[in-house]
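Engineer: Pasting in a structure now, in structure tokens, and then I'll have a few things to ask.
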Amino acid sequence: MSKKEEKYLRVMQETAYAEFGSALEMLSACKQSKQEKFCFGFFHHSKDEYNHTQVFLSLLSKYGKNINPELAREYRFAAQSLINKGYISPKGFLVETMKFKDFIAYVYTNELLAKESFEKILKLVNPFTLEGNQISQIMKDELRHHGLAKKHFLKYYPRLQPWQLMVYRVRETLQNKGRKIYDSNLRLLDKILSPLYKSISYVAGLVIKNLNLNEFDRKGKNLMNLSSSSII
Ligand SMILES: [Fe+2]
Ligand SMILES: [Fe+2]
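Just so you know, we're using my numbering here: the sequence shown kicks off at 100 and counts up by one.
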């Protein structure tokens, strides 16, 4: 598989994880909402993020069908990876661990960052195809989400200064970068450790194959006559 194909698969897979993580965060915010209108807003936001996840998973599977199944396995979607990769914290959902104001600031900055990263993704696909159209539509959704969070700010925290939102944005950008470094380190470790695991399991297989297991056979043996230290 060429480097370009590998990049395509990795980007689609990571984006599907990020979108699914957002969908769960928004659903959790919806469930915790004290006001009906917030609940309604978060519900629709979550629904959009689920749809985005679906788009990226369908792009992934469309592409994955034509590659070697051994490689395709690496790009399978596993919900557990949301935590391993840092998209969802094991400590809880953001709405549970952050102040509500910080949570909205997080949504505000992340939606804008998401839209920017989709601009890069759009370069990986032909913008005049169905895929291109789907991604452009997602970008519009992200901008709308960003706009809604901004509206919320202006209404409920009118004294918040633009520089404070900048601070949130820088913090989020750094965290996203950190997540990418962590992920590439994991992939490097996997490359180094996989041959080691395989050779250990090969040696273990050889040992088991050559063991004489007749000793462990209970058939026809009077168990009452066995020594108390026997492992049977
Ligand atoms: Fe999204
Ligand atoms: Fe979004």
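Don't be surprised by glycine CBs; every beta carbon is placed ideally from N, CA and C. Just so you know, these numbers come straight off a predicted model, no measurement behind them.
Does the region 205-213 come close enough to the region 164-183 that 3 or more CB-CB pairs lie under 8 angstroms?
Structural biologist: At 8 angstroms Cβ cutoff, the stretches do not touch.
Engineer: Roughly how many angstroms separate the alpha carbons of residue 268 and residue 217, rounded to a whole number?
Structural biologist: Using only the alpha carbons, I get a separation of about 17 angstroms.
Engineer: Can you tell me whether residue 240 sits near ligand 2, meaning its C-beta is under 8 angstroms from at least one heavy atom of the ligand?
Structural biologist: Residue 240 Cβ: within cutoff of ligand 2.
Engineer: If we require 4 or more residues per run, which alpha helix (DSSP H) segments fall completely within the region 104-152?
Structural biologist: Entirely contained in the region 104-152, not one alpha helix (DSSP H) run reaches 4 residues.
Engineer: May I ask which residues mark the beginning and end of the alpha helix (DSSP H) holding residue 229?
Structural biologist: Residues 229-255.
Engineer: If the criterion is Cβ atoms closer than 9 angstroms, does the pair residue 141 and residue 126 meet it?
Structural biologist: It is a contact, given that the beta carbons lie within the stated cut-off.
Engineer: Quick check: the Cα distance between residue 297 and residue 290, rounded to an integer number of angstroms?
Structural biologist: Near 12 angstroms, if we compare the C-alpha coordinates of residue 290 and residue 297.
Engineer: Cβ of residue 213 versus every heavy atom of ligand 2: is any distance shorter than 8 angstroms?
Structural biologist: Residue 213: yes, Cβ under 8 angstroms from ligand 2.
Engineer: Do residue 181 and residue 119 have their CB atoms nearer than 9 angstroms?
Structural biologist: Yes, they are a contact pair.
Engineer: Please give me, in chain order, every unbroken run of the alpha helix (DSSP H) with length at least 4 that falls completely inside the region 161-205.
Structural biologist: Those alpha helix (DSSP H) runs which fall completely within the region 161-205 and span 4+ residues are 168-173, 180-183, 193-196.
Engineer: Comparing alpha-carbon positions, which option in 212, 189, 224 lies nearest residue 264?
Structural biologist: The option with the nearest alpha carbon to residue 264 is 212.
Engineer: Pull up the distance between the alpha-carbon of residue 156 and that of residue 221, whole angstroms please.
Structural biologist: Distance between the alpha carbons of residue 156 and residue 221 is about 16 angstroms.
Engineer: Quick check: the Cα distance between residue 286 and residue 295, rounded to an integer number of angstroms?
Structural biologist: The alpha-carbon atoms of residue 286 and residue 295 are separated by roughly 15 angstroms.
Engineer: Ligand 2 heavy atoms versus the CB of residue 251: any closer than 8 angstroms?
Structural biologist: Result no, Cβ not under 8 angstroms from ligand 2.
Engineer: Looking only at its chain, what residues have a beta carbon closer than 8 angstroms to the beta carbon of residue 115, apart from the 5 residues adjacent to it on each side?
Structural biologist: If we look at residue 115 and ignore the five residues flanking it on each side, its Cβ neighbours are 152, 155, 156, 159, 176.
Engineer: Assuming contact is defined by CB atoms lying nearer than 9 angstroms, are residue 299 and residue 251 in contact in what I supplied?
Structural biologist: Cβ atoms of residue 299 and residue 251: not closer than 9 angstroms.
Engineer: Taking just the CA atoms, how far does residue 121 sit from residue 178?
Structural biologist: Spanning the two alpha carbons is a distance of roughly 13 angstroms.
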